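What follows is a single structure, written as structure tokens, with notes after it.
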Amino acid sequence: MSTFLLCAAALVLGYFAYGSLLDRLVRPDASRPTPALSMADAVDYVPMSTPRLFLIQLLNIAGLGPVFGAILGALYGPLALVWIVVGCLFAGGVHDYLSGMLSLRAGGESLPDVVGRHLGGGFKHLIRVFSLLLMVLVGVVFVLGPAKLLAKLSGLDAGLWVGLIFAYYFLATILPFDKIIGRLYPFFGALLLFMAAAMPIALLGRGYQVLPELALSNLHPDGLPVWPLLFTTVACGAISGFHSTQSPMVARCMKNERDGRLIFYGAMVAEGLIALVWATVGMSFYPGPEALGAALAAGGPAVVVSEACTTLLGPLGGVLAILGVVVLPVSTGDTAFRAARLIVADFCHAPQRELSKRLFIAVPLFLAGIALSGGSFELLWRYMGWANQSLATVVLWTISASLARRGNAHWIATAPALFMTAMTSAYILDAPIGFNLPMDMATGLGICASGVALAFFLRARRGEAASAAAPDRA
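Quick note on numbering: the sequence shown equals residues 1 to 474 in the UniProt record's numbering.
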């Protein structure tokens with residue numbers, strides 16, 4: 001239990017200590033008008049309270065990742081907890097807070113426009129296509145995952161739940177932000193908090209050995225390597241590119257820049273705590289990595305969630321805890337499709353005040369999502385994991401460029417960007433769904449890719465500095 005408490009305390013302390021350092025770089029200004037006040041439209045730009053926006057941001061970003069991903073990461077042992085803490089504070093928190101503030105200060109721009117503003121038009125168009133595909137992919141995955149859990153819980157056919165969840169997503173995509181999302185999320189949040197608090201308390205109360213002692217050895221029963229697999233398996237809870245696609249929706253509803261650290265960095269830390277809970281459950285509920293691996297092989301993470309919740313909390317508590325898990329993907333899938341609508345609308349310069357214009361964009365997106373929903377959940381999840389971390393890499397480079405342009409300490413984002421560049425490159429080069437190269441070769445090429453990215457970045461920064469220093473010859 002001491003390992004779990006130590007990691008949880010590190011996250012909380014990191015929020016205050018490292019978050020304060022980030023605040024000095026961001027320099028939030030309470031007097032600067034926010035888009036919610038200067039561009040209010042009663043649909044997407046809607047002023048909302050800070051506590052509600054924090055909860056919305058948390059539920060938007062915390063999908064299946066901090067539960068399913070953390071359970072899969074538990075196969076590696078306590079190393080997963082170390083990655084969650086380090087990744088959350090020094091990579092994911094930087095990514096979420098600063099990307100959210102970049103959007104806020106650019107009128108609530110969607111992610112592709114934010115990237116284009118700092119990395120150029122080529123990256124803008126690349127990320128527009130990439131993030132749009134990721135949004136639809138995330139939406140579909142977060143239909144199939146909760147549908148399986150609800151089918152197991154209710155005994156009803158999973159296909160029925162797929163249809164009902166898609167129907168809810170459609171309404172949440174086209175209706176004003178405060179009509180469904182703003183009203184349902186407090187209820188969702190209560191279930192989430194119950195689940196997050198009840199599971200570790202129940203583990204301790206029922207006499208389970210909560211975590212082995214902190215060890216940095218790889219305990220994976222199949223011998224799968226930590227590098228780079230752990231860092232794509234445990235994404236949400238450590239760092240996730242998907243978060244940066246959600247932040248503009250919340251940025252459009254903020255009333256004060258000073259709330260940015262709580263809403264963006266705070267929600268990332270809270271998601272890290274959820275991931276800690278479920279990684280701990282995975283390591284403690286089963287007698288060892290082999291037993292956890294057998295449970296995963298028998299029915300995937302959904303079976304682990306169901307067994308752990310009902311065993312530890314009883315029938316009623318188990319139902320509430322499972323529903324607390326279900327609200328995570330449901331409250332992320334709905335805003336994934338909404339973010340996709342906004343990305344298309346921003347590209348087409350199509351105002352979204354009229355319902356007909358929202359429907360014109362939303363209907364094709366959902367038809368594509370329904371078509372994809374017939375695919376394999378496991379295959380979609382693997383592709384989503386790599387795409388998600390690749391997007392996070394680009395966003396970190398975007399933040400680095402922004403900080404460097406303002407003369408700030410860009411290494412606070414550049415260092416995690418280098419790590420993520422090497423990791424995502426090595427993963428796709430080695431993975432069977434990618435190029436299937438030997439790991440040594442993939443790692444070497446990944447490090448080279450990271451070095452090339454750094455060289456281009458520093459060269460671009462020197463060019464900008466030289467241009468700024470050149471005398472005006474006009």
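Note that the Cβ used here is the ideal one computed from N, Cα and C, for glycine as well. This one's a predicted model, so the numbers in the text were calculated from it and none came from an experiment.
Mapping the DSSP letters down to three states, classify V226 as helix, strand or coil.
Against the sequence shown, residue 226 aligns to sequence position 226. If DSSP states are grouped into helix, strand and coil, V226 belongs with coil.
Under 8 Å between the Cβ atoms of G293 and P228?
For the purposes of this step, residue 293 is taken as residue 293 along the sequence shown, with counting starting at 1. For the purposes of this step, residue 228 is taken as residue 228 along the sequence shown, with counting starting at 1. No, the Cβ-Cβ distance between G293 and P228 is not below 8 Å.
Could you check the C-alpha separation between Y15 and D157 for me, to the nearest Å?
Position 15 of the sequence shown, counted from the start, is the residue given in the question as residue 15. Position 157 of the sequence shown, counted from the start, is the residue given in the question as residue 157. So the alpha carbons of these two residues sit roughly 43 Å apart.
With H, G and I counted as helix, E and B as strand and the rest as coil, what does DSSP make of Q209?
One-based indexing of the sequence shown puts residue 209 at position 209. The answer is coil: DSSP assigns Q209 none of H, G, I, E or B.
Mark N388 as exposed unless 16 or more other C-beta atoms lie within 10 angstroms of its C-beta, in which case mark it buried.
The count along the sequence shown starts at 1 and reaches residue 388 at position 388. Per the 10 Å Cβ criterion, buried.
Whole-angstrom C-beta distance between S217 and G77, which should lie under 8 Å:
Here residue 77 is taken as the residue at index 77 of the sequence shown, counted from 1. Here residue 217 is taken as the residue at index 217 of the sequence shown, counted from 1. Contact check for G77 and S217: beta-carbon distance about 7 Å, within the 8 Å limit, so the pair qualifies.
Run through DSSP, which three-state label would G407 get?
Counting from 1 along the sequence shown, the entry for residue 407 is found at position 407. It is coil, neither helix nor strand.
First and last residue of the uninterrupted alpha helix (DSSP H) at residue 479
Beyond the ends of the chain as shown, which are 1 and 474, falls residue 479; an answer cannot be given.
Tell me the DSSP secondary structure of I180 in three-state form.
Working through the sequence shown from its first residue, we reach residue 180 at position 180. Correct three-state label for I180: coil.
Ignore the nearest five residues each way along the sequence and tell me which others in N256's own chain have a CB closer than 6 Å to its CB.
For the purposes of this step, residue 256 is identified with residue 256 of the sequence shown, where counting begins at 1. Once the five neighbours on either side are set aside, the close Cβ partners of N256 are A30.
State buried or exposed for D430, treating a residue as buried only when at least 16 other CB atoms are found within 10 Å of its CB.
Indexing the sequence shown from 1 puts residue 430 at position 430. Buried, by the Cβ-count rule.
Output the boundary residues of the alpha helix (DSSP H) element that contains I239.
Along the sequence shown, one-based indexing puts residue 239 at 239. Here I239 belongs to no alpha helix (DSSP H), and DSSP marks it neither H nor E.
Evaluate H95 with the Cβ neighbour count: other Cβ atoms within 10 Å of its Cβ, from every protein chain shown; 16 or more gives buried, anything less gives exposed.
The sequence position of residue 95 within the sequence shown is 95, counting from 1. H95 is buried by the Cβ-count criterion.
In three-state DSSP terms, what is R358?
If you number the sequence shown from 1, residue 358 lands on position 358. Helix, per DSSP.
If you count every other CB in all the chains shown that lies within 10 Å of the CB of E464, and 16 or more means buried, which is it?
Reading the sequence shown from its first residue, position 464 is the one you call residue 464. Counting Cβ neighbours within 10 Å, E464 comes out exposed, since fewer than 16 surround it.
Which residue from R128, R52, L276 and M135 puts its Cα closest to that of M384?
Working through the sequence shown from its first residue, we reach residue 384 at position 384. Selected option, being the one with the closest Cα: M135.
Local conformation of A106 per DSSP, three classes
Counting from 1 along the sequence shown, the entry for residue 106 is found at position 106. Residue state, collapsed to three classes: coil.
So, G63 versus F142, is the Cβ gap smaller than 8 Å?
Here residue 63 refers to the residue found at position 63 when the sequence shown is read from its first residue. Here residue 142 refers to the residue found at position 142 when the sequence shown is read from its first residue. Contact flag set, yes.
Measure the CB-CB distance between A362 and I174 and report whether it falls below 8 Å.
Residue 362 sits at position 362 when you count from the first residue of the sequence shown. Residue 174 sits at position 174 when you count from the first residue of the sequence shown. Yes.
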